[in-house]
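Numbered according to the numbering used here, the sequence shown terminates at residue 189, and the numbering increases by one at each position without gaps. Where is the CB? At the ideal position from N, CA and C, for every residue including glycine. Presented below is the structure to which this report refers.
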Amino acid sequence: MHEDRRRRYDDGFRREALELIKSGAGKDTLARRLAIPVYTARNWIRLYRSNGEEAVMGGGGSRRYDWETKVAAARDHVENGLTKTEAMARYGIVSIAPLERWCREYRAGGPEALRPKPKGRPKGARSRPKPKPTREQELAEQVAYLKAKVAYLEKLRALRASKSRGASEAPSSDCSQGGDTGSTTSSR
């Protein structure tokens, strides 16, 4: 059965890839020999050129970069013409994905778009207790409630009255009930 290595490549596999990269293998050769996607081979070659063996081996995990590094790397690539590989090497960026995201955000909103955003759920109205209403506010709320209640009861009374009037009238007004059709002559 075919082994799926796309999710996680072990250290031995990455060392084999490093040997091929060091010997000068290009992305197509690397991809064909190791049976990996071409984009993975291209990324590994780029990582090796920018940050050395440690970057290809996957060391360090996820890294955090400060705002100044993000802005400088994005500015150098977008405005100053540095390649992504050169920007990664200059600023010690171990993955191309964050650099591409920073460049996209930099183009859209400038350096301020790269500022850190607050994490977590924003504080809303539920996080603070409501201030105690004043006496006037309590009375206004009570008046509004009573007005709504009166309006509801008046509508209910009017509805019941219209139903009782409708029931006391002759059913001749409704043709579907089998009553008189409204003609003046009777066929009995």
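Quick check on residue i: does DSSP put it in helix, strand or coil?
i	result
Val79	helix
Ser96	coil
Lys23	helix
Gly53	coil
Tyr146	helix
Ile46	helix
Asp67	coil
Asp12	helix
Ala159	helix
Arg122	coil
Lys131	coil
Arg102	helix
Asp112	The sequence shown places Pro at residue 112, not Asp. In this structure, Pro112 counts as helix in the three-state DSSP scheme.
Ala1	The structure shown does not extend to residue 1, since the chain is modelled only from 2 to 189, so the question has no answer here.
Glu17	helix
Thr41	helix
Of all the options the options, which has the alpha carbon lying nearest to the alpha carbon of residue i?
i	options	result
Val79	Arg122, Arg102 and Arg65	Arg102
Gly110	Thr135, Lys124, Met89 and Ala75	Ala75
Lys118	Ala98, Ala145, Glu137 and Trp68	Trp68
Arg64	Leu100, Pro130 and Arg122	Leu100
Pro194	Tyr66, Lys133 and Ala73	The requested residue 194 is not part of the displayed model; the chain covers only 2 to 189.
Between which residues of its own chain and residue i is the CB-CB distance below 6 Å, once the five residues before and five after are set aside?
i	result
Lys71	Trp103 and Leu115
Ala56	Leu48 and Val95
Please go through the same chain and pick out, in chain order, the residues whose beta-carbon is closer than 8 Å to the beta-carbon of residue i, but skip the five residues on each side of it.
i	result
Leu83	Asp77 and Arg91
Met58	Asp12, Arg15, Arg16 and Leu19
Arg47	Lys85, Thr86, Met89 and Ile97
Leu21	Thr30, Leu31, Arg34 and Leu35
Between the alpha carbons of residue i and residue j, how many angstroms are there, rounded?
i	j	result
Ser165	Gln138	41 Å
Ala149	Leu140	14 Å
Glu54	Ile94	13 Å
Ser187	Ala168	Because Ser187 sits at a pLDDT of 47, beneath the cut-off of 50, its placement in the model cannot be relied upon, and the point is left open.
Lys23	Tyr10	18 Å
Leu160	Tyr146	21 Å
Tyr153	Glu142	17 Å
Ala162	Val151	16 Å
Arg136	Arg108	54 Å
Gly121	Tyr66	19 Å
Glu155	Pro123	44 Å
Ile37	Arg105	28 Å
Lys133	Asn81	58 Å
Check whether the Cβ of residue i sits closer than 7 Å to any heavy atom of the ligand NAD, and report yes or no.
i	result
Val151	For the ligand NAD, the structure offers nothing, since it holds no ligand at all.
Please work out which residues of its chain come closer than 7 Å, Cβ to Cβ, to residue i, disregarding the five sequence neighbours upstream and downstream, and give them in chain order.
i	result
Lys28	Val39, Ala42, Arg43 and Ile46
Ser51	Thr86, Met89 and Ala90
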